[in-house]
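Q: The structure's right below; bear with me while I get my questions together.
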Amino acid sequence: YNTLDTIKWNAKINQIPEIAVLAENLAVILRKSISSKPFITLREELDTIDSYIRIQKIRFSGKFLYETEIPDVLEESMIPKMILQPFIENTFFHAYPEGRCGTIQIVVRQADGELTIQIIDDGIGMTQEKIAKIMNEKTSKEHYSGIGVHNVQERLKLLYGDDYGIHISSEESKGTTVTIVLPVDYSTEVQET
Numbered sequence: 001y002n003t004l005d006t007i008k009w010n011a012k013i014n015q016i017p018e019i020a021v022l023a024e025n026l027a028v029i030l031r032k033s034i035s036s037k038p039f040i041t042l043r044e045e046l047d048t049i050d051s052y053i054r055i056q057k058i059r060f061s062g063k064f065l066y067e068t069e070i071p072d073v074l075e076e077s078m079i080p081k082m083i084l085q086p087f088i089e090n091t092f093f094h095a096y097p098e099g100r101c102g103t104i105q106i107v108v109r110q111a112d113g114e115l116t117i118q119i120i121d122d123g124i125g126m127t128q129e130k131i132a133k134i135m136n137e138k139t140s141k142e143h144y145s146g147i148g149v150h151n152v153q154e155r156l157k158l159l160y161g162d163d164y165g166i167h168i169s170s171e172e173s174k175g176t177t178v179t180i181v182l183p184v185d186y187s188t189e190v191q192e193t
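Taking my numbering, the leading residue of the sequence shown gets 1, the next gets one more, and so forth.
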């Protein structure tokens, strides 16, 4: 953190604001990822995503829109930390190749005791075969594309059981929607299944 802080202040002194923004937001992501807290509020998770988005806006020169639709009451619900970031990262690397512009949305809803988080993009989409491969991908040095998705899915199943987890729907040339379903939880206690 001290190194990142030094980079940030050197960038400010030398009037290179992009480097200052990169260092500051990278520090936020690093702090959240190494935190010992296994659960955080949805608001905290979205703050981490906001930091990641700020970094990508510099990288892609603002060629995309990022929107959220979240009722205020749901922002304090507890979720496992770092479950959204792999999907947002995948959107940048797979949905919008070659500098293509687009929109990324996070939409959160609650119904029947379930918290539904959707990450929606209007990128190039993917085939059903590709979705099946990503959902079944095991850790592999040769194939990295689905490891983050698989790891999040396994974490959710271990924490909440088989009724919860990830669903991916996509249509080529029309985008992808990742739906994460969790039980609604406002406690700070780790739930055991």
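The beta carbon of each residue, even a glycine, is placed where N, CA and C say it ideally should be.
Closest to R59 by CA distance: which of E98, I168 and E45 is it?
A: Taking the sequence shown and counting its residues from 1, the one referred to as residue 59 is at position 59. Of the candidates E98, I168 and E45, the one whose C-alpha sits nearest the C-alpha of R59 is E98.
Q: Please report the straight-line C-alpha distance between F93 and Q56, rounded to a whole angstrom.
A: What you label residue 93 is simply residue 93 of the sequence shown in a count that begins at 1. What you label residue 56 is simply residue 56 of the sequence shown in a count that begins at 1. F93 and Q56 have their C-alpha atoms spaced approximately 11 Å apart.
Q: When the Cα atoms are used, what is the spatial distance from D5 to A111?
A: Your numbering for residue 5 matches position 5 in the sequence shown. Your numbering for residue 111 matches position 111 in the sequence shown. Those two C-alpha atoms are separated by around 42 Å.
Q: With P17 as the anchor, note down where its alpha helix (DSSP H) starts and where it stops.
A: On the sequence shown, position 17 is the one that residue 17 refers to. Start and end: P17 to I34.
Q: With a floor of 4 residues, list each alpha helix (DSSP H) that falls wholly inside the stretch 91-150, ordered by position along the chain.
A: For the stretch 91-150, whole alpha helix (DSSP H) runs of length 4 or above, ordered along the chain, are 128-136.
Q: Hey, V107 and E45 are a contact pair by Cβ (cut 8 Å); roughly how many whole angstroms apart?
A: As a working mapping, residue 107 is identified with position 107 in the sequence shown. As a working mapping, residue 45 is identified with position 45 in the sequence shown. With a Cβ gap of about 14 Å, V107 and E45 do not count as contacting.
Q: What span of residues does the alpha helix (DSSP H) with Y164 cover, start to end?
A: Residue numbering aside, residue 164 sits at position 164 when the sequence shown is read from its first letter. Y164 -> no alpha helix (DSSP H), and no H or E assigned at all.
Q: Which whole-angstrom value is the C-beta distance of H49 and I79, which I expect to be below 8 Å?
A: For the purposes of this step, residue 49 is taken as the residue at position 49 of the sequence shown. For the purposes of this step, residue 79 is taken as the residue at position 79 of the sequence shown. It should be pointed out that residue 49 corresponds to Ile in this sequence rather than to His. The pair is not a contact, with the Cβ atoms about 12 Å apart (cut-off 8 Å).
Q: Measure the C-alpha to C-alpha separation of E154 and K174 and round it to an integer number of angstroms.
A: For the purposes of this step, residue 154 is taken as the residue at position 154 of the sequence shown. For the purposes of this step, residue 174 is taken as the residue at position 174 of the sequence shown. Approximately 28 Å between the Cα atoms of the pair.
Q: Can you find the residues in the same chain that come closer than 7 Å, C-beta to C-beta, to K141, ignoring five residues on each side of it along the sequence?
A: Counting from one through the sequence shown, the residue named residue 141 turns up at place 141. Here K141 scores only 43 on pLDDT, less than 50, and its place in the model is too uncertain to base an answer on.
Q: By how many angstroms is the C-alpha of N136 removed from the C-alpha of L115?
A: Taking the first residue of the sequence shown as 1, we reach residue 115 at position 115. Taking the first residue of the sequence shown as 1, we reach residue 136 at position 136. Their backbone Cα atoms lie some 24 Å apart in a straight line.
Q: To the nearest angstrom, report how far apart E76 and S187 are at their CA atoms.
A: For the purposes of this step, residue 76 is identified with residue 76 of the sequence shown, where counting begins at 1. For the purposes of this step, residue 187 is identified with residue 187 of the sequence shown, where counting begins at 1. The straight-line gap from Cα to Cα measures roughly 9 Å.
Q: Give every residue of the same chain whose Cβ lies closer than 7 Å to the Cβ of V152, excluding the five residues on either side of it in the sequence, and list them in chain order.
A: Your numbering for residue 152 matches position 152 in the sequence shown. Only I83, P86 and I166 meet the Cβ criterion.
Q: What is the residue span of the alpha helix (DSSP H) that E195 lies within?
A: Lying outside 1 to 193, the shown extent of the chain, residue 195 is not represented and no answer is given.
Q: Does DSSP put V181 in a helix, in a strand, or in coil?
A: Here residue 181 refers to the residue found at position 181 of the sequence shown. The answer is strand: DSSP assigns V181 an E or B state.
Q: Pick from Y52, Q15, E129 and K37: whose alpha carbon is nearest that of L26?
A: Residue mapping note: residue 26 aligns to position 26 of the sequence shown, counting from 1. Here the closest residue by C-alpha is Y52.
Q: Does the beta-carbon of N90 have 16 or more other beta-carbons within 10 angstroms, so that it is buried, or is it exposed?
A: Position 90 of the sequence shown, counted from the start, is the residue given in the question as residue 90. Burial call: buried.
Q: Along the beta strand (DSSP E) that carries L65, what are the first and last residues, could you check?
A: Numbered from its first residue, the sequence shown carries residue 65 at position 65. Counting along the chain, the beta strand (DSSP E) containing L65 begins and ends at F64 to E69.
Q: Leaving out the 5 sequence neighbours to the left and right, which residues in its chain are closer than 6 Å to I119 when beta-carbon positions are compared?
A: Residue numbering aside, residue 119 sits at position 119 when the sequence shown is read from its first letter. Excluding residues within five positions, the ones whose Cβ falls inside 6 Å are F87, I106 and V178.
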